[in-house]
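Just so you know, the sequences run in chain order Y and B.
Counting with the numbering used here, you get residues 67 to 158 for the letters of the first sequence.
Counting with the numbering used here, you get residues 52 to 409 for the letters of the second sequence.
Note that the Cβ used here is the ideal one computed from N, Cα and C, for glycine as well.
As the structure is a prediction and not an experimental result, all values here were calculated from the model.
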Amino acid sequence: MQLYETTVARVQEIIGDMSPAKPAVTGPDLILIDDLGYDSIHFLELALALEQEFNLFEFDEEQAVGMITVGDVAHLIAKIVVAAEDEGGDES
Amino acid sequence: MTATTTTTLGPAEIRETDRWLAALERTFWVPEDHRVGYFDRVAALDMLRCGEEVLNELVKAGLPTLGEPGQEWFDRFDLFNLALASGSQKSVPEKAIRYALRWMHGGPETWTARLDWTFVVDLSCPLPACGEDPEWSHAQMLPEAVGGELHEWHVEPEGARMVGDQLRYRGPGPLRFSGHVSTSGELMQLRSPQLRKIVEDFFAVGYRWVRLPEPLQWEYRRLLDAGVSPCISASLFLAKEFEAAGYPAITRRGWLLGMLDLSHSWVEVVDDDGVQKPIDPIFTWLTEYADKPHPDLAAASIGSRMNRLLPASMAADGLMATHRCGGRDVDPRRKTMIRRRLATDGPQTHHGTAGASS
Chain Y
67 MQLYETTVAR VQEIIGDMSP AKPAVTGPDL ILIDDLGYDS IHFLELALAL EQEFNLFEFD
127 EEQAVGMITV GDVAHLIAKI VVAAEDEGGD ES
Chain B
52 MTATTTTTLG PAEIRETDRW LAALERTFWV PEDHRVGYFD RVAALDMLRC GEEVLNELVK
112 AGLPTLGEPG QEWFDRFDLF NLALASGSQK SVPEKAIRYA LRWMHGGPET WTARLDWTFV
172 VDLSCPLPAC GEDPEWSHAQ MLPEAVGGEL HEWHVEPEGA RMVGDQLRYR GPGPLRFSGH
232 VSTSGELMQL RSPQLRKIVE DFFAVGYRWV RLPEPLQWEY RRLLDAGVSP CISASLFLAK
292 EFEAAGYPAI TRRGWLLGML DLSHSWVEVV DDDGVQKPID PIFTWLTEYA DKPHPDLAAA
352 SIGSRMNRLL PASMAADGLM ATHRCGGRDV DPRRKTMIRR RLATDGPQTH HGTAGASS
């Protein structure tokens with residue numbers, strides 16, 4: 067559970083840092099496009115940064131559908147990270 | 052860059068430099084009459100991700116520049132095409148194209164299913180201060196032309212409205228329209244032997260896909276003679292060929308949708324069965340840049356209506372958006388974002404049973 071929460075927090079931090087709008091505060095309910103100024107290229111940069119940060123395989127489009135808010139992205143990444151950790155644990 | 056500096060490079064860096072220099076030889080440069088020095092060295096390095104030493108070597112070896120040595124400016128299309136030819140896997144254009152085309156590994160059922168998209172298009176004036184009596188226009192999105200639908204539509208300011216197939220507004224910007232569209236597709240093949248021959252002959256020439264400024268792409272003979280064929284040029288040429296063979300054809304502007312929305316153009320021709328079918332050679336070529344594309348995808352883009360194409364009410368040689376202020380035409384700054392979304396309303400005749408239409 068701790069991994070899930072720390073991942074959510076780190077993703078929110080990255081999204082805030084990379085936001086074109088540079089808001090004073092970020093939160094899970096902020097909308098990536100309207101509130102944080104993300105456009106297509108910034109989404110690309112964010113996706114590549116998250117893949118690198120969490121050593122993820124490339125997201126496919128189905129996973130990215132419906133990512134509206136900071137929280138949507140943070141929880142998606144946290145689920146993937148925790149699932150990868152669980153799979154690793156099963157194998158060892 | 053001096054010879055001394057070069058000797059400090061390790062074998063890996065030298066191989067990397069050679070790779071970029073080889074790409075330099077293959078790249079088609081924007082002709083001087085269309086070249087714009089929009090990117091400085093910092094921006095160029097951010098795009099190419101090749102390192103300063105390599106950039107110095109590229110400039111020395113002939114990468115076109117404007118401005119003084121050491122303070123060069125670069126054309127963004129030159130940098131894009133060079134990066135794509137490099138095979139470095141690190142440059143932003145390579146990453147962006149691969150990212151945009153991630154959906155290409157999917158099978159035929161995914162090419163025709165209903166897909167839903169949110170869109171936001173912003174038009175603003177690029178001048179420090181927008182001039183008097185500003186006017187704006189943007190071509191209409193036409194999802195219904197590919198079996199889709201417009202589900203939601205918002206426009207700001209309120210005075211903007213559709214006039215024919217153009218969104219028009221008189222007043223201070225920016226102009227924004229947004230909403231929700233769906234697209235769908237249908238797998239089809241060209242029946243006419245004549246049309247098939249024209250397309251085969253086009254591919255047989257071995258043109259290379261490049262990105263170039265729109266006004267240059269309209270000079271399609273000039274580009275084809277140089278061995279390159281961006282989407283607008285290919286569309287204009289093929290439309291003429293189809294018409295010359297007696298087949299009605301139109302060119303379209305629009306978007307190729309995926310993880311990123313790419314501004315795009317293609318041609319549609321009325322086949323022997325009376326059906327108007329898209330022909331999109333660039334779509335075929337783009338599969339070469341995708342990671343593990345489905346083996347049937349390239350061929351399907353000739354004649355099939357793909358759910359990845361969102362047409363606009365504009366021909367390939369027309370302007371998608373216009374702006375006029377202070378008594379003169381100004382190319383508006385355009386920011387478009389079209390992203391997949393969950394389908395939440397409207398009929399979903401294909402969703403989840405996508406293979407049915409094929």
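Alpha carbon to alpha carbon, how far is Met357 (chain B) from Val197 (chain B)?
8 Å
Mind pulling the chain B residues with CB within less than 7 Å of Ser85 (chain Y)?
What Ser85 (chain Y) touches in chain B: nothing, since even the nearest Cβ is about 15 Å away.
What does Pro264 (chain B) pair with, by DSSP beta-bridge criteria?
Note: Pro264 (chain B) sits in no beta bridge, so no partner.
Whose C-beta lies closer than 7 Å to the C-beta of Ala349 (chain B) among residues of the same chain, with five residues either side of it excluded?
Thr335 and Thr338
Selected residue, minimal CA-CA separation from Tyr258 (chain B), among B:Leu267, B:Tyr271, B:Glu265 and B:Leu246
B:Tyr271
The region 140 to 161 of chain B: positions lying closer than 7 Å to chain Y by Cβ:
Lys146, Ala147, Tyr150, Arg153 and Trp154
What is the rounded straight-line gap between the Cα of Met310 (chain B) and the Cα of Ile389 (chain B)?
9 Å
Counting only beta-carbon separations shorter than 8 Å, does Thr58 (chain B) have a partner in chain Y?
The predicted position of Thr58 (chain B) is uncertain, since its pLDDT is 49 and thus under 50; a value taken from the coordinates is nonetheless stated next. By this cut-off, Thr58 (chain B) is not an interface position.
List the residues that DSSP assigns as beta-bridge partners of Val321 (chain B).
B:Gln327
What's the call for Glu319 (chain B), buried or exposed, on a 16-neighbour Cβ count within 10 Å?
buried
Could you pull out every unbroken beta strand (DSSP E) segment of at least 3 residues lying fully inside the region 219 to 245 of chain B, listed in chain order?
226 to 234
Note down the Cα distance separating Val255 (chain B) from Tyr340 (chain B), rounded to an integer number of angstroms.
Reading the sequence as shown, one finds Ala at residue 255 (chain B) and not Val. Whole-angstrom Cα-Cα distance: 19 Å.
Quick check: is the beta carbon of Val171 (chain B) nearer than 8 Å to any beta carbon in chain Y?
yes
Any beta carbon of chain Y sitting closer than 8 Å to that of Leu337 (chain B)?
no
Sort B:Gly88, B:Ser188 and B:Arg227 by Cα distance to Trp204 (chain B) and report the nearest one.
B:Arg227
N-terminal and C-terminal residue of the alpha helix (DSSP H) that Pro144 (chain B) is part of
Val143 to Ala151
If we ignore side chains and look at the alpha-carbon of each, how far apart do Gln118 (chain Y) and Lys146 (chain B) end up?
13 Å
Report the option in B:Pro266, B:Cys376, B:Pro159 and B:Val279 whose CA atom is closest to the CA atom of Ala351 (chain B).
B:Pro159
Interface flag, Arg100 (chain B) vs chain Y, CB-CB below 8 Å:
no
Per-residue DSSP class, three states only, for Gln140 (chain B):
coil
State the start and end residues of the unbroken alpha helix (DSSP H) segment that holds Val110 (chain B).
Glu103 to Lys111
Fully enclosed by the region 289 to 323 of chain B, which beta strand (DSSP E) runs are 3 residues long or longer?
300 to 307 and 313 to 321
Where does Ala405 (chain B) land, buried or exposed, given buried means 16+ other C-beta within 10 angstroms?
Per-residue confidence for Ala405 (chain B) stands at a pLDDT of 26, beneath the threshold of 50, marking its modelled position as unreliable; the derived number appears in the next sentence. By the neighbour-count rule (16 or more Cβ atoms within 10 Å), Ala405 (chain B) is buried.
Is there a Cβ from chain Y that is less than 8 Å from the Cβ of Leu311 (chain B)?
yes
Name the residue from B:Cys181, B:Gln240 and B:Val143 whose alpha carbon lies nearest to the alpha carbon of Asp324 (chain B).
B:Gln240
For a cutoff of 8 Å on Cβ pairs, would you count Arg391 (chain B) as touching chain Y?
yes
Interface positions of the region 89 to 102 of chain Y facing chain B (Cβ-Cβ less than 9 Å), listed along the chain
Ile99 and Asp100
Phe38 (chain Y) - DSSP class collapsed to helix/strand/coil
Given a span of 67 to 158 for chain Y in the structure shown, any question on residue 38 (chain Y) remains unanswerable.
Integer-rounded CB distance, given that Asp167 (chain B) should sit under 8 Å from Ser233 (chain B)
5 Å
For Gly157 (chain B) and His315 (chain B), which I take to be in contact (beta-carbon distance under 8 Å), what is that distance rounded to the nearest angstrom?
About 19 Å separates the two Cβ atoms, so there is no contact after all.
Using DSSP with H/G/I as helix, E/B as strand and the rest coil, what is Arg188 (chain B)?
Going by the sequence as given, residue 188 (chain B) is Ser instead of Arg. Ser188 (chain B): strand per DSSP, three-state reduction.
Take Val131 (chain Y) as the anchor and find which of B:Cys176, B:Leu308, B:Lys386 and B:Val93 has the nearest alpha-carbon.
B:Leu308
Determine, using beta-carbon pairs with one atom in the region 104 to 122 of chain Y and one in the region 74 to 81 of chain Y, whether at least three such pairs fall under 8 Å.
yes
Can you tell me the Cα-Cα spacing of Lys284 (chain B) and Ile146 (chain Y), whole angstroms?
Reading the sequence as shown, one finds Ser at residue 284 (chain B) and not Lys. Spanning the two alpha carbons is a distance of roughly 43 Å.
So the candidates are B:His189, B:Val105 and B:Cys101; which of them puts its Cα closest to the Cα of Ala211 (chain B)?
B:His189
Buried or exposed: Arg391 (chain B), going by 16 or more other Cβ atoms within 10 Å of its Cβ?
buried
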